[in-house]
Structure formats: C-alpha cells, structure tokens
Amino acid sequence: MLYDKEEYSKIQKRPELFWREESVFRVRALMRENGLEEGNYVLLAPSSVWETKRMPASKFRILGERLAKESGKKVVLIGSKADMDLCEEVGAGYGINFAGKTNLPELSFLVSKAALMISNDSSPIHFASAFNIPTLAVFGATIPDFGYTPLADSFFISEIRGLYCRPCGIHGGRICPEGHFRCMMEQDTDTMFEVAVRLKRGNVK
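Per this note's numbering, the very first residue in the sequence shown carries number 606; after that it's consecutive.
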C-alpha cells in the first residue's frame, strides 16, 4: 500500500549536508559525461546493509527500466563499491551505474540535482530529505513508525500493510524469519511507477 506524508504530520527538521568545491567539480564532470542535468534524472538506490530491507533486484529492474522508457528521465543507480554488481544487475541496458564512483559529499551533490529518489529504507532517503528531493521509499521488514521516514515535502511510502510479522526488527535482518519475505515480494511496481511519474516538488497528491 502507498500512503503520503499527511499520515505523518509531526514536523521534523531536515538533515543538512555540505560539500567542498572539489566535490562539485568532480560530480559536474561525471554528470556532463553521462548527459545528466539538474532535474533530468531519477536516482535508484537498490541496496541496504540489511538484506530484508532490500526489494528484490528483479523488481527494481522492472521499475527502473519502465522509468527509463516512459518517464522521459535518465535513470542513475547509486550505491557503494560493494553494490556495483547489484546496480549493474538492476540497470544493465538502460541505467547509468554510479555505484562506487562517488564519495559521500559527492553523492550529496548528485542527489541535490535529481528529480526523484527511489530507495529502500536506507541512507539515500535521508540524503534526499536534506535537499527536499521527492522520494519514493520502499519499506519491507521495517516500518515508518520507527521514525526513519522521508522528510521531503513530496514523498510516498510503499509497504505491505497488515502483515502479522512486520516489523521483524528495527534494522531488518539477514533473512526473513518467516521464510516468505512477503513484505518485499508483494511490492507492486506498477503502482510505484504511477506514483513516481507524478511525484514532484511540493506535490504529494
């Protein structure tokens, strides 16, 4: 189920992130090399330290490929060096793989120029919040009630409500303790796409 920020009405201060001029220079060069301009790309962050917080790569691929074909935006995959293979699996043939190509300040600048962030319940959500970037957050083993929700003006959270086993831990875990992983296997990429193409700054409806 998808629902919006109005269900989380408590006012919270957004994080603040900063970068050095050399970080800006390097990322602008990467952007030019890949035809990226402010607002013309979507960021996909398919990883997480905790396996049960990751939507399956196959679902991220379906969503990302459709966005690349139908949204008019480029799709950029982000993550650490350890996520390079995962991002290649998700984005091969349509996406731009930046996994391992930026440090955290550089990633901050890249995020600040994006049109949209799509991420599991992981740190990219908070990078997007810092710059008020529209965000589609995917929650599986964890729940937004833990307080780790996006803080951008415009965001949606995709989660499977009503599962007897959620949450199974504050940080998720390595494997689904029930063995079915329904919280991620039942995520609906069609609905995510419909939401993603209309999420804009200041637009939460």
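In this text, a Cβ means the ideal position worked out from N, Cα and C, and glycines have one as well.
Computed from a prediction, not measured in an experiment: that's the story for all the values here.
Contact between Gln792 and Ser763 holds, with the beta-carbon distance rounding to 6 angstroms and staying under 8 angstroms.
Between Leu682 and Leu641, the C-beta spacing is not below 8 angstroms.
With contacts defined as CB atoms closer than 8 angstroms, Ser713 and Trp624 qualify as a contacting pair. A distance below 6 angstroms between beta-carbons, with the five flanking residues on each side excluded, links Ser676 to the following residues of its chain, in chain order: Val802. Secondary structure at Ile765: coil, using DSSP grouped into helix, strand and coil. The residue from Ser652, Glu711, Glu694 and Lys664 with its alpha-carbon nearest to that of Gly684 is Ser652.
In the DSSP assignment, Thr794 falls within the unbroken alpha helix (DSSP H) covering Thr794 to Ala801. By alpha-carbon distance to Asp690, the top candidate from Tyr699, Gly705, His776 and Ile723 is Gly705.
With the rule of 3 Cβ pairs closer than 8 angstroms, the segment 656-663 counts as touching the segment 779-795.
In this structure, Ala742 sits away from Val716, with a CB-CB distance that is not shorter than 8 angstroms. Under the three-state reduction of DSSP, Val654 is assigned to coil, being neither helix nor strand. Approximately 7 angstroms separates the beta-carbon atoms of Ala746 and Arg771; this is inside 8 angstroms, confirming the contact. The Cβ neighbour count for Ile730, taken over all protein chains shown within 10 Å, is at least 16; the residue is labelled buried.
It is roughly 8 angstroms from the alpha-carbon of Lys618 to the alpha-carbon of Leu756. For Ala662 and Leu672, the gap between their C-alpha atoms comes out near 15 angstroms.
In the structure shown, Lys674 falls within a helical segment according to DSSP collapsed to helix, strand and coil. In this structure, Ala720 places its C-beta atom within 8 angstroms of the C-beta atom of Asn645. Residue pairing by DSSP places Ala742 opposite Ser724 and Ile762 in a beta bridge. Remark: C-beta atoms of Ile738 and Met722 approach each other more closely than 8 angstroms.
Gly669 counts as buried, since no fewer than 16 other beta carbons sit within 10 angstroms of its beta carbon.
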